[in-house]
Amino acid sequence: RTAWHKRNNVILADEMGLGKTVQTVALLAYLMEKKNNLGPHIIVAPKPVLPNWQKEFAKWLPTQMEVVLYDGKPEERKQVRDEYLVNNNFNVLLTHYDYILKDKSVLGKVAWNYIVVDEGHRLKNDKSRLAETLRTSYTFRHRLLLTGTPINNNLQELWALLNFLLPTIFNSADNFDEWFSKPFKGMDNVESEDILTEEETQLVIHRLHNVLRPFLLRRRKAEVETGLPEKTEFTIYCELSAWQKLYYQQVLMKKRVQNKSLNNTAMQLRKICNHPYLFHEDDNGDEAERLRASGKFWMLARILSKMKASGHRVLLFSQMTRALDIVQDFLEEGGYQFLRLDGKIKPEERVGQVDKWNAEDSEYFIFILSTRAGG
Numbered sequence: 001r002t003a004w005h006k007r008n009n010v011i012l013a014d015e016m017g018l019g020k021t022v023q024t025v026a027l028l029a030y031l032m033e034k035k036n037n038l039g040p041h042i043i044v045a046p047k048p049v050l051p052n053w054q055k056e057f058a059k060w061l062p063t064q065m066e067v068v069l070y071d072g073k074p075e076e077r078k079q080v081r082d083e084y085l086v087n088n089n090f091n092v093l094l095t096h097y098d099y100i101l102k103d104k105s106v107l108g109k110v111a112w113n114y115i116v117v118d119e120g121h122r123l124k125n126d127k128s129r130l131a132e133t134l135r136t137s138y139t140f141r142h143r144l145l146l147t148g149t150p151i152n153n154n155l156q157e158l159w160a161l162l163n164f165l166l167p168t169i170f171n172s173a174d175n176f177d178e179w180f181s182k183p184f185k186g187m188d189n190v191e192s193e194d195i196l197t198e199e200e201t202q203l204v205i206h207r208l209h210n211v212l213r214p215f216l217l218r219r220r221k222a223e224v225e226t227g228l229p230e231k232t233e234f235t236i237y238c239e240l241s242a243w244q245k246l247y248y249q250q251v252l253m254k255k256r257v258q259n260k261s262l263n264n265t266a267m268q269l270r271k272i273c274n275h276p277y278l279f280h281e282d283d284n285g286d287e288a289e290r291l292r293a294s295g296k297f298w299m300l301a302r303i304l305s306k307m308k309a310s311g312h313r314v315l316l317f318s319q320m321t322r323a324l325d326i327v328q329d330f331l332e333e334g335g336y337q338f339l340r341l342d343g344k345i346k347p348e349e350r351v352g353q354v355d356k357w358n359a360e361d362s363e364y365f366i367f368i369l370s371t372r373a374g375g
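The opening position of the sequence shown corresponds to residue 1 in the UniProt record's numbering, with each subsequent residue numbered one higher.
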């Protein structure tokens, strides 16, 4: 809100879980109710999170704001254009990156008030199609980038974000880069291609932070959610089973195992360390065999049993969906109530899964998620 009053375009980079979506909804509600700013606004987000945006608008502004989802087949999008865009009888349009590109000839004609780019770090490459299209085919009065990813110290990527926020000020990458290198020009012992010393690097970073300060708000959970207990992290080392040790040694010795080509050694070793079934499928084993086959799963069974007995609930993440399949088999055989969310779950169904988990009377003990879909 302060940024809007100062006519600043900014990056909201709070840590994940601090409510960037709700804060954005609150901003647009403030503009409508206090400033009579009815939009139109456009929110560009990854397709899987569009249902969550709809849910938050419905929760906080169920009747006050006309929020339209721009998605689906060509005829469905045309219907949205005919019903809403032609007569400008909406406040917020929700869409994802693909249609910013595909339908720029139509969406680019609208004089947008605010554009909100969820996962704004996608614009850090100024030569990407998305950045180029937004820069050349659309007009916005105000711009807001949302990202949970820390802004790094790469000058080119930083310039790309600032160029999108304030294109008239940060209009030259060369000038931007030159400004940061000025402290070292003219020094007899410094050539342009030299690597900066630690002291020089710290000076550049200090300048970066000074440039970013008016345009970036980043808060961490420890700063905001003071009422929450401190998070405690434990790393539990699990011994490999005899089966895992055998496969592990064979892979290290570059032998062919069960007719498998071992081109990607590191990935094969990761699979073996998680569970041998990821390396050599065997769906004939019972629950006891699955646990004996993997040190991690044997430990997981013990942890879940204790968590269940003490009234805890569990979120379990994995980078491998096949590992989730094995976990799911174990949970089903153990009689645990669980939910699952991965890339196979349709975006419109994901919000329902989360709602089931968050319900006050939820019966579910464990939620298993892929890091890509649920992280």
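For every residue, glycine included, the Cβ atom is placed at its ideal position computed from N, Cα and C. For clarity, every value in this text was computed on a predicted model and none was experimentally measured.
In the three-state reduction of the DSSP assignment, residue 117 falls in the strand class. Between residue 219 and residue 15 the beta-carbon gap is near 7 Å, inside 8 Å, which marks them as a contact. The DSSP-derived three-state label of residue 215 is helix. Per DSSP, residue 137 is one residue of the alpha helix (DSSP H) stretching across 129-137.
Judged by beta-carbon spacing, residue 94 lies within the 7 Å limit of residue 53, meaning their Cβ atoms are closer than that value. The alpha-carbon separation between residue 242 and residue 271 amounts to approximately 15 Å. Separation of the CB atoms of residue 164 and residue 134 is rounded to 7 Å, and the pair is thereby assigned contact status at 8 Å. The residue among 301, 98, 341, 89 with its C-alpha nearest the C-alpha of residue 110 is 89.
When beta bridges are read from the DSSP output, residue 324 appears opposite no residue.
Under DSSP, residue 367 forms a beta bridge with 315, 339. The alpha-carbon of residue 244 is positioned some 42 Å away from that of residue 120. For residue 110, no beta strand (DSSP E) run applies, since DSSP gives it neither H nor E. Shown here, residue 234 sits in coil according to DSSP, grouped into three states, outside any helix or strand. The three-state secondary structure of residue 206, taken from DSSP, is helix.
Taking 4 residues as the minimum length, the alpha helix (DSSP H) runs contained wholly in the segment 83-110 are 97-102, 104-107, in order along the chain. Secondary structure remark: continuous beta strand (DSSP E) runs of at least 3 residues inside the segment 10-46, in chain order: 10-12, 41-44. Residue 246 and residue 58 have their C-alpha atoms roughly 55 Å apart. Under a 10 Å Cβ-count criterion, residue 96 is classified as buried, with 16 or more other Cβ atoms of the shown protein chains found around its own Cβ.
Going by beta carbons, residue 371 and residue 342 fall outside the 7 Å limit. As DSSP reads the structure, residue 142 sits in a beta bridge with 114.
Judged by DSSP secondary structure, residue 252 falls within the alpha helix (DSSP H) whose first and last residues are 242-252. When the beta-carbon positions are compared, residue 275 and residue 294 come within less than 7 Å of each other.
Pairing residue 304 with residue 297 gives a Cβ-Cβ distance that is not under 7 Å.
Here residue 160 is buried. Its C-beta has 16 or more other C-beta atoms within 10 Å. In the DSSP assignment, the residues bridged to residue 67 are 92.
In terms of Cβ geometry, residue 316 and residue 368 form a close pair [threshold 7 Å].
In the three-state scheme derived from DSSP, where H, G and I count as helix and E and B as strand, residue 166 is classed as coil.
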